[in-house]
Structures are given as C-alpha cells and as structure tokens.
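If you count by full-length UniProt numbering, then the sequence shown holds residues 1 to 220, one letter each, in order.
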Amino acid sequence: MILLVGDRPFDLRPTKIVAVARNYKAHAEEMNVDLPKEPSLFLKPPSSLLANGGEVLLPQSSARIDHEVELAVVMKSRAKRITTEYVKENVLGYTILVDITARDIQAEAKKSGMPWTVAKGYDTFAPIGPRIVPVDEIDEKNLDIWLKINGVYKQRGNTNQMIFTVEEIVSHISHIMTLEPLDVIATGTPSGVGPMHDGDTIEAGIENIGTLRFKAARIH
Ligand code: MG
C-alpha cells in the first residue's frame, strides 16, 4: 500500500488495523448507542486497505454501504503495555482512513450478537492516505475532519470532539495486543455517516494532512 511520507513513496504494510467504534459523541447519538466507558475496538484486515485514487467495491451482499472518515495513527515501533505519556514516541504519524461499513450486515450482526468482521472486512473497505504526516508536525487534538460525496459535504467535525484521545486509545490497545511497527489505528468517525452508491466520487479530508480520494463501484 503506497502512501507518501513527505514527497517519498512509502510502502505501508501493517500487521493489523485496529479501529475504535463510537469515539465521537454525535456519532454515538446518531447510532443510538450509549457513550462508551473505554474505547470499544474491532479489527479490519490489512487486505481491506485501498490506496488513494482507488475504487471501493460495493458487494452485492449488502444494500447499504456507509462511509466513516477517521483520523488514523500509524505506529513507528513495537508497543506493549505502554502508558499514555509514552504513546507519542512510538507513533510514526497520522493519515486518513475511511472505515467503510456494510451497515445492513452490521445491524444484523448486532441483533444476533455476532462480530462485525464481515460488515467491516471486505476488500477495499479501508481507503487510506494520501500521506503520513509525522507525529511532531501536527496537533491531532484540533483538526477539522470532513467527507464529501460528489462535492457535497456529508460529514464535518473536528478531532476535538473525540471522546478518547490518541494517547488513551493507543495505550488501551497496547494493554490488550502488542502493536507492531506500521500497525494502523482508526480513531472513530464524527457524525454524518451515510451510504455510497455506484459511481460516487468520495473525498475525505483532514486539516494539515490532505485529501484522500476514491470512487465507489458496485460489483456486478
Ligand atoms: Mg468507524
């Protein structure tokens, strides 16, 4: 998966993508769920990654496939049981990840108590990029974050609305599973999630990081 670090192409191959569900109050409200007491986590497979400029493939098995724009953390070094104050020195930088979700499959899984693996795990369900901004060049606590479909704003928020900080999220995960270099952590989405359709052009942006662009295409 090629991204830019500065002007240089960088081959990002994480061992895992850890994602946080409902980390923005307004999104938790739109999903009709209680605010979490600790970060609630799920995994997306590395095979779901899609480079900037690619095509998200909408599978026939779902009638509703949503976008969730998220600030993503890329790890620099191995992190195991680290406290919040040591998180930043273990982080390479930040990028944009869109956590694509088959909402109807997820709703069915929630109802029957099954995991979200299918709803979150299809190939191309994690567009990422366009670049990684080094951790010390950005204040991740106050960044505008947005997503447009065909030029129309669908999501608009700021990372200052996050319930758990990057430090809290990474520390928490590292007490459960060892984070390896280049592992990716998606930190949750602001409100305004909604469906994508065949032929849509999607732009996902975060202030001081850039704009990630992709298209949606129904698999026939
Ligand atoms: Mg998400």
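We put the beta carbon where it would ideally sit given N, CA and C, even for glycine.
As for any beta strand (DSSP E) of minimum length 3 sitting wholly inside the stretch 20 to 77, the runs are 40 to 44, 55 to 58, 65 to 67, 69 to 75, ordered along the chain.
Shown here, G157 sits in a strand according to DSSP, grouped into three states.
Counting every other CB atom within 10 Å of its CB across the protein chains shown gives R131 a total of 16 or more, marking it as buried. When secondary structure is reduced to three states using DSSP, I209 falls in the coil class, being assigned neither helix nor strand. Fully enclosed alpha helix (DSSP H) runs of no fewer than 4 residues occupy 103 to 112, 117 to 121 of the stretch 72 to 140, in order along the chain. Secondary structure note for V166: its alpha helix (DSSP H) is the uninterrupted segment 166 to 174. In the DSSP assignment, L147 falls within the beta strand (DSSP E) that extends over 144 to 149. For V184, the uninterrupted beta strand (DSSP E) run begins and ends at 184 to 186, by DSSP. Looking from the CA of N142, the closest CA among K148, A186, Q161 belongs to Q161.
Between I65 and M196, the CB-CB gap stays under 7 Å.
Shown here, G194 sits in a strand according to DSSP, grouped into three states.
Contact between the stretch 93 to 106 and the stretch 27 to 35 is absent, with fewer than three C-beta pairs closer than 8 Å.
Within 10 angstroms of the beta-carbon of T187 lie 16 or more other beta-carbons, which makes it buried. Assigned with DSSP and collapsed to three states, P14 falls in coil, not helix or strand. Between the alpha carbons of P115 and E140 lies a gap of roughly 30 Å. For L4, the enclosing beta strand (DSSP E) starts and ends at 2 to 5. Non-local beta-carbon contacts of P190 in its own chain, meaning distances under 8 Å to residues more than five positions away in sequence, involve Y24, A26, H27, V69, I145, Q155, R156, G157, N158, Q161 in chain order. The nearest non-hydrogen atom of the ligand MG is less than 6 Å from the C-beta of E68.
Apart from sequence neighbours up to five positions away, the residues of its chain that approach I17 with a beta-carbon distance below 8 Å are L43, K44, P45, P46, S48, L49, L97, A126, D183, V184, I185, A186, ordered along the chain. Between L147 and A72, the beta carbon gap of about 14 Å keeps them out of contact (Cβ cut-off 8 Å).
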